[in-house]
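Presented below is the structure to which this report refers.
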Amino acid sequence: MKLDFQGRKIIVTGAATGIGRATAEALIAAGASVALWDIDQAACAAFSEKTNAKAIALEVDVANSASVEAAMEQSLKALGGIDGAFNNAGIGIDTVPLEAVDEADFDRIVSINMKGVWLCMKSQLLHMKANGGGAIVNNASVAGLVGLAMQGAYSGTKHAVIGMTKAAALEAAAEKVRVNAICPGATRTPILAHLLEAGISEDMLAEMAAQKRLAGPEEIAAAACWLLSDAASYVTGTAMPVDGGWTAH
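Residues 179 to 427 (the numbering used here) make up the sequence shown, in order.
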């Protein structure tokens with residue numbers, strides 16, 4: 179099945195690299211116009227210049243309400259509306275036991291991974307509910323489905339994303355807004371590089387998956403695009419593992 183996003187207008191957060199970049203590329207290739215949100219506006223701008231005016235690049239701090247609201251206004255003006263969003267921006271900091279997590283690190287990871295998703299959804303839901311519906315996909319990670327030792331703060335925020343996803347799906351269904359989450363396993367992204375620097379090997383991560391390998395960001399992007407598409411019209415409130423069988427254990 180080939181997904182068609184002609185005429186669709188979609189926000190992708192954390193669009194500069196990794197899963198966000200791969201998702202934006204896939205959406206644009208399928209015909210969508212995309213607002214690229216990232217703290218690294220320069221990287222998004224360089225990408226946008228290659229898309230034949232199918233994307234705009236905005237510097238956005240998803241943990242700051244004023245920044246999110248300004249970006250939403252700019253996106254609506256530039257694209258003429260918004261009917262889809264992939265809330266992907268996130269960070270991974272803690273690779274220590276929960277009691278050893280620094281408070282400043284804890285606050286930062288919560289502000290971006292949890293509050294950031296809430297702020298983005300808040301803005302998106304207000305617009306979509308008032309304008310005939312839409313689809314939202316949040317990046318929750320396999321860490322939102324299981325506990326991950328040495329990543330307690332990160333895992334906690336991803337569990338929260340799933341909770342917010344399910345609540346929003348129930349609240350927005352009557353206004354024709356679908357809200358889902360994807361839960362990727364170990365994927366070749368900058369967050370993976372952070373884990374490798376902390377001494378966690380690729381082989382160790384691959385061993386967690388039934389397929390015994392890591393995912394490419396384009397494989398995760400394919401799932402996000404499907405949930406954003408009309409092909410998933412009867413899917414809402416789900417947290418979809420895209421993990422090579424990690425959570426099948």
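Glycine included, each C-beta is placed from N, C-alpha and C at the ideal position.
Listed in chain order, the beta strand (DSSP E) elements of length 3 or more contained wholly in the segment 361-388 amount to none.
Using a 10 angstroms sphere on the CB of Met418, the tally of other CB atoms reaches 16 or more, which defines it as buried.
Closest in alpha carbon position to Gln302, among Leu254, Ser333, Val320, Ile287, is Leu254. In the DSSP assignment, Asp216 falls outside any alpha helix (DSSP H) and lies within the beta strand (DSSP E) extending over 211-216. DSSP, read as helix, strand or coil, puts Val238 in coil.
Out of Gly268, Gly312, Asp272, Asn309, the CA that lies nearest to the CA of Met292 is found in Gly268. With 16 or more neighbouring CB atoms inside 10 Å of its own CB, Lys187 falls in the buried class.
Look at Gly322 here: in three-state DSSP terms it is helix. Secondary structure at Met306: helix, using DSSP grouped into helix, strand and coil. Apart from the 5 residues on each side of it in sequence, Trp404 sits with its Cβ closer than 6 Å to the Cβ of Ala410 in its chain, given in chain order.
Assigned with DSSP and collapsed to three states, Asn291 falls in helix. Inclusion of Gly311 and Glu353 in the CB contact set at 8 Å is warranted, their separation being smaller than that value. Residues Met328, Ala376 of the same chain have their beta carbon placed closer than 6 Å to that of Thr273, with the five preceding and five following residues left out of the count.
By the neighbour-count criterion, in which 16 or more other beta carbons inside 10 Å mark a residue as buried, Ala402 falls on the buried side.
When DSSP states are grouped into helix, strand and coil, Ile271 belongs to the coil group.
With respect to the 8 Å criterion, Ala231 and Ala202 are not classified as neighbours on the basis of their beta carbons. From the listed residues Thr191, Gly415, Ser333, Asp408, the smallest Cα separation to Phe183 is found for Asp408.
Per DSSP, reduced to three states, the secondary structure at Phe183 is coil, with no helix or strand assignment.
Nearest Cα to Asn265 within the set Leu348, Lys228, Val315: Val315.
For Ala417, the enclosing beta strand (DSSP E) stretches over residues 417-420. In the structure shown, Ala231 adopts coil according to DSSP, grouped into three states.
Per DSSP, reduced to three states, the secondary structure at Val339 is helical. Proximity of the segment 218-229 to the segment 244-259 falls short of the contact definition, fewer than three beta-carbon pairs being nearer than 8 Å. Taking the Cα positions, Ala399 is about 6 Å away from Ile197. Note on Tyr332: 16 or more other CB atoms within 10 angstroms of its CB, so buried under the neighbour-count rule.
Burial is judged here by how many other beta carbons sit within 10 angstroms of a residue's own beta carbon; Ser211 has at least 16 and is buried.
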